[in-house]
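Colleague: Mind having a look at this structure? Questions to follow.
In full-length UniProt numbering, the protein residues as written are 1 to 460.
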């Protein structure tokens, strides 16, 4: 046996040398150098300083903006609540234990921390599953003309909590147990021992199949079908630039969501499964500590992927934080739809003549005047010129050519101006999007670096 099992703990180290001590009473620096515990504390401090504001801002902005309180956004709020649970009840206990070098709160605190961290993580995990199912239902319409409403959204949220409790509660009532893991500063289910008193084998198999394999299958299937549906729509409307852009954005977001889920949970599930199926095999405390904190980091990057990359949420956050009104995405989408319809039906302007200067793009001109595109403005100008008396119209070919040249030059200048303004708007939107993220990460990194420096001097 390459580990030592105590009453409420398992140390991945043989006690032949007599160094092993209870992680609830003694410092565990024989498992790792003190700087590793300090680094762990700094990492948890960074997650607290970045995860708390992002998740808290999501809840605050939703409360401030009525238009965000839509059924499809309920699950994003639930995801933020799960992140707050992990930050407040998991990370704070872990950072305190890492500073002290052992699990500071005893066996009861270990059970509470393990339960709350598992509960928050599982609510987040199943929120991602429900979110994928909701998007699949709305976009792919497998049930026909199904209208997604508040009752369905609340049912999805209730489902996430039921599944999370079904995973987090059993160790509290004797089916498995919560024990310190990794560097013994945080707690999780017992994957390590064969103690028949707790039936760990059946619990681990249940958790691995129901709470990892099934969510992976559901997420891959739903997002795969969603991407196929959007690609089919884009292929049917190849002339539509807005549809092609939407197809690329949806594909990118789906890939990002799947990768984020796998990065958060695959390392932890894989290492836990390896330890479970290789009972008694030698492994270090760091071997289990690193994957555990991949899953904990989901409290930070889940809201970044699912909330900050949501344009509606992001615009409301910008207006709340910086006091700047952002363009409503729904109005933009509506204008795109109307222009696309106008192109299909054949747009007529001015005195009813079909315009050769009408914009070929299905995307509405954001710099139009009174709802008219650049082409419509120019054509109206031409019509006003053509409505002059017949004597002036017959003034000669030279005058007509000059007028046509002026019109062509004006159109070219307007198009160049529009392209420049669009490019400037794009750069401004990119900066507004990255500014709060960079600010949050920068502040967290600076605080972490300062704390690490202070500990370095104190330790010497």
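Glycine included, every Cβ here is placed at the ideal spot set by N, Cα and C. Small disclaimer: the values here were computed from a predicted structure and weren't measured.
Taking the alpha carbon of residue 297 as the point to measure from, which residue in 9, 11, 112 and 121 has its own alpha carbon closest?
Modeller: Closest option to residue 297, Cα to Cα, is 121.
Colleague: If you check the beta carbons only, do residue 207 and residue 196 fall under 8 Å apart?
Modeller: Not in contact: residue 207 and residue 196 (Cβ atoms no closer than 8 Å).
Colleague: Just mark residue 98 as buried or exposed, buried being the case when its beta carbon has 16 or more other beta carbons within 10 Å.
Modeller: Counting Cβ neighbours within 10 Å, residue 98 comes out buried, since at least 16 surround it.
Colleague: Check whether the Cβ atoms of residue 292 and residue 186 sit closer than 8 Å, and answer yes or no.
Modeller: Result yes, Cβ atoms of residue 292 and residue 186 sit closer than 8 Å.
Colleague: Go through its chain and collect everything with a Cβ distance to residue 94's Cβ below 6 Å, but skip five positions before and after it.
Modeller: Same-chain partners within the cutoff: 44, 185 and 186.
Colleague: What do you get for residue 417, buried or exposed, if any count of 16 or more other CB atoms within 10 angstroms of its CB means buried?
Modeller: Flag for residue 417 reads exposed.
Colleague: Buried or exposed: residue 240, going by 16 or more other Cβ atoms within 10 Å of its Cβ?
Modeller: Buried.
Colleague: Measuring CB atoms only, is the region 312-326 touching the region 78-85, in the sense that at least three cross pairs come out at less than 8 Å?
Modeller: These segments do not touch.
Colleague: In chain order, what residues of the same chain have a beta carbon less than 6 Å from the beta carbon of residue 353, not counting five sequence neighbours either side?
Modeller: Only weak support is given to the placement of residue 353: the predicted model assigns it a pLDDT of 37, under 50, and the value that follows is read from those uncertain coordinates. No residues qualify anywhere along the chain.
Colleague: Which runs of the beta strand (DSSP E) spanning at least 3 residues fall entirely within the region 126-186, listed in chain order?
Modeller: Entirely contained in the region 126-186, the beta strand (DSSP E) runs reaching 3 residues are, in chain order, 178-181.
Colleague: Using the three-state DSSP reduction, which class does residue 7 fall into: helix, strand or coil?
Modeller: Correct three-state label for residue 7: coil.
Colleague: Residue 219 and residue 258 look like a contact to me (Cβ under 8 Å); what is the Cβ gap, rounded to whole Å?
Modeller: Yes, they are in contact, since the Cβ atoms of residue 219 and residue 258 sit about 6 Å apart, within 8 Å.
Colleague: What number of angstroms, rounded off, separates the C-alpha of residue 8 from the C-alpha of residue 179?
Modeller: About 6 Å.
Colleague: Exposed or buried, what is residue 221 when buried is set at 16 or more other beta-carbons lying within 10 Å of its beta-carbon?
Modeller: Burial call: exposed.
Colleague: Can you give the beta carbon distance from residue 183 to residue 41, rounded, assuming they're within the 8 Å contact cut?
Modeller: Not a contact, Cβ separation roughly 10 Å.
Colleague: In three-state terms, what does DSSP make of residue 188?
Modeller: Of the three classes helix, strand and coil, the one that applies to residue 188 here is strand, per DSSP.
Colleague: So is residue 28 buried or exposed if we call it buried at 16+ other beta carbons inside 10 Å?
Modeller: Residue 28 comes out buried.
Colleague: On a CA-only basis, which of 118, 101 and 78 is nearest residue 501? Give me that one, please.
Modeller: As shown, the chain starts at 1 and ends at 460. That puts residue 501 outside it, with no answer to give.
Colleague: Starting from residue 260, trace the alpha helix (DSSP H) in both directions and tell me its first and last residue.
Modeller: Where residue 260 is concerned, the enclosing alpha helix (DSSP H) stretches over 241-277.
Colleague: For the candidate residues 16, 427, 309 and 124, whose alpha-carbon lies nearest to that of residue 261?
Modeller: Selected option, being the one with the closest Cα: 124.
Colleague: Once the 5 residues before and after residue 15 are set aside, which same chain residues still bring their CB inside 8 Å of it?
Modeller: 4, listed in sequence order.
Colleague: Evaluate residue 38 with the Cβ neighbour count: other Cβ atoms within 10 Å of its Cβ, from every protein chain shown; 16 or more gives buried, anything less gives exposed.
Modeller: When all chains shown are included, residue 38 counts as buried.
Colleague: Ends of the alpha helix (DSSP H) at residue 286?
Modeller: From DSSP, the alpha helix (DSSP H) with residue 286 extends over 285-296.
Colleague: Mind checking which residues open and close the alpha helix (DSSP H) that includes residue 197?
Modeller: Note, residue 197: premise wrong, no alpha helix (DSSP H); not H, not E.
Colleague: Going by DSSP, what residue range makes up the alpha helix (DSSP H) through residue 64?
Modeller: Segment 34-64, the alpha helix (DSSP H) holding residue 64.
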